[in-house]
Amino acid sequence: MAPLDPPPAPPVRRYSPFTADAIVAAILTITLGMLSIGITGSLGLGRFATTVTVVTSLGMPAALAWRRTRPVASAVTVYAMALAHVLAGMILSASDLAIFIALYSITVYGPRWARRTALFSALFGCLIVAVWFLVYNGFTGLGALVGTMGVFGLLAALVLSSWALALVRRARVERVETLAERAARLEVERDQQAQIATQAERARIAREMHDIVAHSLSVVIAQADGGRYAAAHDPQAATHALTTISETGRAALADMRKILGVLRSDTGGERLTPQPETSDLETLVEQVRDTGLAVSLVRMGTARTLPPGAGLTVYRIVQESLTNILKHAGPDAHATVLVQWNPAHLLLQIDDDGRGAAAPSDGAGHGLLGMRERAAMLGGTLTTGPRQGGGFRVRAEIPVPHTPPAPTVLAPGQHPPPPAGHNPATAVGGVPPPPPPISPTWHNPAEWADRSGSTPPRPEDHHR
84 MAPLDPPPAP PVRRYSPFTA DAIVAAILTI TLGMLSIGIT GSLGLGRFAT
134 TVTVVTSLGM PAALAWRRTR PVASAVTVYA MALAHVLAGM ILSASDLAIF
184 IALYSITVYG PRWARRTALF SALFGCLIVA VWFLVYNGFT GLGALVGTMG
234 VFGLLAALVL SSWALALVRR ARVERVETLA ERAARLEVER DQQAQIATQA
284 ERARIAREMH DIVAHSLSVV IAQADGGRYA AAHDPQAATH ALTTISETGR
334 AALADMRKIL GVLRSDTGGE RLTPQPETSD LETLVEQVRD TGLAVSLVRM
384 GTARTLPPGA GLTVYRIVQE SLTNILKHAG PDAHATVLVQ WNPAHLLLQI
434 DDDGRGAAAP SDGAGHGLLG MRERAAMLGG TLTTGPRQGG GFRVRAEIPV
484 PHTPPAPTVL APGQHPPPPA GHNPATAVGG VPPPPPPISP TWHNPAEWAD
534 RSGSTPPRPE DHHR
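Below is the structure:
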């Protein structure tokens, strides 16, 4: 049996700042207040002075209960009561210890202007006590002056020490608050990044599932419709349609298992297979062609290495475009897929001559949105819209980095080849020959879509 987890520790009981300060203030009021009252009674002051001294001796420690929750009000109360008992004739009192605590508290928890005012007020109080000491002892020469300066220096040192300790404490409090705010901000940012990553992953899975399911179901529906009509007249065609439905369904199920296997926690999922690439477009076109749609695949230019993920993007864009043609173009439609390699980008253009944008839409537009997102992730663009003369066009441009040619290794004694553009005929005054024309590669060139408004060429024209 697995060992039981230890019971959680009981929560630590924490008091509020006011409760803790009130307890400390009550203790100081009892001790310092009683001590001050005893000293006042032994001095034989008048009734008014005694009453003021007793009230201030009890009120100064009691005001410390708000030293953190209301630091300014607490310090003002302590300072005012200290001035009151000085004016009543009681220069020093045991409760004057509350002055240093109030100065410390307002420096740590109060605003900037309040802590500066509290410091200057405390130093001014030290000066009042020193002057009283000088007057009380009489102006008896240098000794009295030195004693007065000593009293002021001692009290000022206590005040400045309290203020310095408070500054250190305030710096630590501000640092802790800054770290707490930073931790809270980082936690919020981490949660936002996790949400963004989750949404992006959901969108990616949704795109893959949409492309696979929509294409496979479109092929299945087209084959089922054709097989139903061919069953009575052409049993062999009906059998072929059922075979295509079975193969398409199995392929879609396998693809779905691969996608859903990513969401499983175990590592023993389905066997990994390569993702579709541009080289698989012929297979895709043949699969769509079996449904009865006339599709032509045209390749132009020299193929180059695509960035990671670009091959899958090209495949999915063509797949989704052909799926939409199956769903919306109507019967007797023709489609053309152009894959043209340009110096800076790969051009994909899928045209059809069906009903185009005039066809009623039975979807929510997730396919077009998914194609745009795929192209945008690679820095490309995708535009869709009706063609002049009827039909629909999907045009995508995917950036392709230029691959520099490999350096030529020369054997000993071998001369380097002439630079690009060098022509011996030009060097002696001849005319350079024209560059050879680029011949596209044709796959089932029936119904080549009209991209320029002119009559398209035929494959045999390139061999004349």
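Quick note: the sequence shown, position 289, residue 372 per this note's numbering, numbers continuous. In this text, a Cβ means the ideal position worked out from N, Cα and C, and glycines have one as well.
(1) Only counting runs of 3 or more residues, tell me where the beta strand (DSSP E) segments fall wholly within the stretch 356 to 427, in order along the chain.
(2) Who does R24 pair with in a DSSP beta bridge?
(3) Could you tell me the alpha carbon to alpha carbon distance between A472 and L465, rounded to whole angstroms?
(4) Measuring alpha carbon to alpha carbon, tell me which of T467, A479, M460 ends up nearest A286.
(5) Can you tell me which residues form a DSSP beta bridge with I481?
(6) Assuming V191 and V259 make a contact with CB atoms under 8 Å, what is their CB distance in whole Å?
(7) Would the stretch 174 to 182 and the stretch 111 to 131 be scored as touching if the rule is three or more Cβ pairs under 8 Å?
(8) Measure the alpha-carbon distance for G446 versus L389 and round it to whole angstroms.
(9) Do R478 and R290 have their CB atoms nearer than 8 Å?
(10) Pick out whichever of V378, S99, S140 has its Cα sitting closest to the Cα of L111.
(11) Taking the alpha helix (DSSP H) that P144 belongs to, which residues open and close that run?
(12) How many Å lie between G468 and H316 at the Cα?
(13) Compute the Euclidean distance between the alpha carbons of V569 and G462, then round it to the nearest angstrom.
(14) Give the single residue among A247, A386, D415, G392 whose Cα lies nearest to the Cα of L430.
(15) Please state whether DSSP places Q168 in a helix, a strand or coil.
(16) Alpha carbon to alpha carbon, how far is G230 from G208?
(17) A393 and A418: beta carbons closer than 8 Å?
(18) Just the C-alpha distance for V159 and R151, rounded to the nearest angstrom, thanks.
(19) Beta carbon of A165, beta carbon of I184: below 8 Å?
(20) Going by DSSP, what residue range makes up the alpha helix (DSSP H) through W196?
(21) Looking only at its chain, what residues have a beta carbon closer than 7 Å to the beta carbon of R438, apart from the 5 residues adjacent to it on each side?
(22) Tell me the residue span of the alpha helix (DSSP H) that contains L180.
(23) Using the rule of at least 16 other Cβ atoms within 10 Å of the residue's Cβ for burial, across every protein chain shown, is A171 buried or exposed?
(24) Rank F101, V234, V169, M383 by C-alpha distance to the C-alpha of R153 and give the top, closest one.
(25) Quick one: what does DSSP say D274 is sitting in, helix, strand or coil?
(26) Cβ atoms of Q432 and G552: under 8 Å apart, would you say?
(27) Do V218 and V234 have their CB atoms nearer than 8 Å?
The answer reads as follows:
(1) Qualifying beta strand (DSSP E) stretches, in chain order: 377 to 383, 417 to 424.
(2) What is shown of the chain runs 84 to 547, which leaves residue 24 out entirely.
(3) The sequence shown places Gly at residue 472, rather than the Ala named in the question. Using only the alpha carbons, I get a separation of about 21 Å.
(4) The candidate whose alpha carbon is nearest that of A286 is M460.
(5) Answer by DSSP bridge pairing, in chain order: L429.
(6) Taking a contact as a CB-CB distance under 8 Å, the pair V191 and V259 does not count as one, their CB atoms being some 12 Å apart.
(7) These segments touch.
(8) Confidence in G446 is poor, its pLDDT being 47 and thus under 50, which makes the residue's placement unreliable; the coordinate value appears in the next sentence. So the two alpha carbons sit approximately 31 Å from each other.
(9) Judged by their CB atoms, R478 and R290 are not nearer to each other than the 8 Å cut-off.
(10) Considering only alpha carbons, the answer is S140.
(11) Run containing P144: 130 to 145, per the alpha helix (DSSP H) assignment.
(12) If you draw a straight line from the Cα of G468 to the Cα of H316, it comes to about 39 Å.
(13) The requested residue 569 does not occur in the structure, where the chain is confined to residues 84 to 547.
(14) The closest CA to that of L430, considering only A247, A386, D415, G392, is found on A386.
(15) First, the amino acid is wrong: residue 168 is His here, not Gln. In this structure, H168 counts as helix in the three-state DSSP scheme.
(16) Answer to the nearest angstrom: the Cα atoms are 17 Å apart.
(17) In this structure, the beta-carbon distance from A393 to A418 does not fall below 8 Å.
(18) Their Cα atoms are separated by approximately 13 Å.
(19) For the 8 Å CB-CB criterion, A165 and I184 do not form a contact.
(20) Start and end: 195 to 220.
(21) Cβ-Cβ distances below 7 Å link R438 to H411, A412, G413 in the same chain, with the five nearest sequence neighbours on each side left out; the list follows chain order.
(22) Where L180 is concerned, the enclosing alpha helix (DSSP H) stretches over 180 to 192.
(23) Buried.
(24) The residue from F101, V234, V169, M383 with its alpha-carbon nearest to that of R153 is F101.
(25) DSSP places D274 within a helical segment (H, G or I) once states are collapsed to three.
(26) Here the chain has residues from 84 to 547 only, and residue 552 is not among them.
(27) No; because the gap between Cβ atoms is not below 8 Å, this pair is not in contact.
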